[in-house]
Amino acid sequence: MYSYEEQCVMDLSDNYTLLYSFLGREVLDAFGVEGERAFREGTRRYGRDRGQCSREKHQALGVKINMKSLFSVGGDLPPDPRFHRELQELNPEERVSHTLVCPMADIWKAYGEREIGRMYCEEFHPACYNHYAFDYGHTNLAKTLTQEKDEYCAFNVVLRAENLPEELKPLCFAEYDPGYVEPKVEVPKANGKRGFETLSIKLYYYLLEAVQESFGEEGTAAIARGLEKMALDGAQRARNTAKAYDRPFDEQVVYDTYPLTLDPSKTDLWEGYRAHGAVELFERCFVPVVRTELAKG
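Position in the sequence shown (first residue = 1) + 6 = our numbering.
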C-alpha cells in the first residue's frame with residue numbers, strides 16, 4: 007500500500023488530469039467541433055506558458071536551453087510512483103522515450119474520456135516543448151496511450167543547432183559559447199501541492215480564456231458546469247482517500263489531495279491569472295460544492 011503522502015501526490019495528479027476532461031466534456035457537448043477548436047487553443051496557450059516558465063527558470067540558473075536541460079533540470083512536479091518510462095536517448099539535441107504506463111491516460115480511460123485526453127497529448131506537448139526552445143523545437147508524438155490500440159507513448163523531441171539563428175546558438179549549445187562552464191545546479195525538491203496547484207490554475211485559466219473568446223457567456227456557463235462536476239468528483243475522491251487511510255474527511259484532506267486551494271486568498275499562485283473572472287467563477291461554482299460535501303461528512 008502506498009503511504010498517505012504518496013497517495014496525496016497521486017490524487018493531486020489525478021485531479022489535475024480530471025480538471026481537463028471535466029471542463030472539456032462540457033465544452034464539447036455544448037459546442038461540438040467549434041468547442042473542440044477553442045479547447046485545443048486554450049491547451050496550446052497553457053503549453054506555451056509552461057514552456058516559457060521552464061525556459062526562464064533555466065536561463066536564470068545559467069544552463070543551456072536544449073533538450074537535455076528541458077528533461078533533466080529541475081522538474082516542477084514530484085515523481086508519480088505509477089509512471090513508467092523507457093528512455094532511449096537524451097542529449098542536448100534530442101530526447102527519445104517511450105512512456106509505458108501513464109497515470110493520466112489511465113484515468114482518462116477509466117472515466118471514458120480518452121478522446122479528450124488525446125487532445126491534451128496532441129496540443130500540450132508540442133506547444134510546451136517547442137516554445138521552451140524559442141519555437142525552434144520539433145515534437146513528434148507518434149503514439150499515445152490515449153489512442154486506441156497504441157501500446158505506449160512514443161516521444162521524439164528535437165532541437166537542431168543548424169535550425170537556430172546565430173544569436174540563439176550560444177544560448178542553447180555549449181559548443182557555440184566559448185568559455186562556458188556548466189553550472190552546478192541544485193534545485194529544491196518539487197512540492198506536489200504547489201506544483202499541481204500552479205499547473206491547475208494555469209490550465210483552468212487558459213481554457214476559460216479561449217472558451218470565453220469563442221462563446222462568451224455561454225462558454226463561461228459551460229466551464230461553470232464543469233467546475234461543479236469536478237468539485238463533486240474531487241470531494242468524493244478525497245472522501246475515499248480519507249477512508250482508506252483512516253483519516254477524517256475534512257478540509258485538510260481536501261487540501262492534501264486536491265490541487266486547488268478552497269480559499270484562493272491563501273495562495274499567491276493566482277497572480278497573473280485573475281482575468282476573465284477566473285477566481286470569482288471558481289469561488290462561485292467549485293468551492294460551495296466541496297463545502298457542501300464536507301458538511302455531509
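Just so you know, even glycine gets a beta-carbon here, dropped at the ideal spot from N, CA and C.
Computed from a predicted structure; not experimentally measured.
Residue i, buried or exposed, once every other Cβ within 10 Å from all chains shown has been counted against 16
i, result
"Asp55", "buried"
"Thr49", "buried"
"Gly118", "exposed"
"Met7", "exposed"
"Gln218", "buried"
"Pro265", "buried"
"Asp183", "exposed"
"Gly283", "exposed"
"Thr298", "exposed"
"Leu106", "exposed"
"Val39", "exposed"
"Glu32", "buried"
"Val193", "exposed"
"Asn146", "exposed"
"Gly143", "buried"
"Asp262", "buried"
"Ala306", "Outside the shown range of the chain, which is 7 to 303, sits residue 306, and nothing can be said about it."
"Arg51", "buried"
Alpha-carbon spacing of residue i relative to residue j, whole angstroms
i, j, result
"Lys190", "Gly80", "12 Å"
"Ala133", "Gly57", "7 Å"
"Leu214", "His137", "21 Å"
"Phe221", "Ala180", "47 Å"
"Phe130", "Gly303", "37 Å"
"Phe202", "His104", "23 Å"
"Leu300", "Phe255", "7 Å"
"Gly30", "Glu188", "42 Å"
"Lys208", "Tyr279", "7 Å"
"Gly198", "Thr23", "14 Å"
"Leu67", "Glu223", "43 Å"
"Ala44", "Phe37", "9 Å"
"Glu173", "Asp141", "14 Å"
"Asp82", "Tyr10", "21 Å"
"Ala281", "Glu257", "27 Å"
"Glu100", "Met16", "29 Å"
"Gly185", "Val69", "14 Å"
"Val111", "Arg120", "Before going on, a small fix: residue 111 reads as Ala here, not Val. Computed Cα separation, rounded: 7 Å."
"Ala116", "Leu25", "14 Å"
"Thr273", "Tyr211", "16 Å"
"Ala196", "Lys63", "14 Å"
Close Cβ partners of residue i (< 8 Å) along its chain, the five nearest in sequence each way excluded
i, result
"Arg124", "Thr150, Thr152 and Gln153"
"Leu287", "Leu214, Thr226, Ile229, Ala230 and Leu233"
"Gln65", "Ile71 and Leu177"
"Asp260", "Per the sequence presented here, residue 260 reads as Val, with Asp not at that position. Contacts found: Gly240, Ala241, Ala244, Leu268, Val296 and Leu300."
"Gln94", "Val102, Ser103 and His104"
"Glu12", "Pro87"
"Leu34", "Gly41, Glu42, Phe45 and Ile122"
Beta-carbon proximity list for residue i, same chain, < 7 Å, skipping 5 on both sides
i, result
"Lys235", "Phe28"
"Lys74", "Leu96, Asn97 and Pro98"
"Lys175", "Ala167 and Tyr182"
"Phe89", "Val107, Cys108 and Pro109"
"Arg253", "Val259"
Terminal residues of the beta strand (DSSP E) in which residue i lies
i, result
"Asn162", "Cys159 to Val164"
"Leu147", "His144 to Lys149"
Opening and closing residue of the alpha helix (DSSP H) in which residue i lies
i, result
"His131", "Arg120 to Tyr138"
"Ala230", "Gly198 to Ala250"
"Leu300", "Val293 to Lys302"
"Gln258", "Glu257 to Thr263"
"Lys175", "Lys175 to Cys178"
Own chain partners of residue i with C-beta closer than 6 Å, once the 5 adjacent residues on each side are dropped
i, result
"Gly53", "Phe130, Ala133 and Cys134"
"Asp156", "Lys149 and Thr150"
"Arg91", "Ser103 and Thr105"
"Arg307", "Nothing about residue 307 can be reported from this structure: the residues present for the chain run from 7 to 303 only."
"Glu47", "Ala216"
"Leu76", "Tyr138"
"Asp20", "Ile113"
"Asn162", "Val102 and Asn146"
Query raised in the report: Can you list, in chain order, the stretches of the beta strand (DSSP E) that have 3 or more residues and sit fully within the region 40 to 108?
Result: 90 to 97 and 100 to 107
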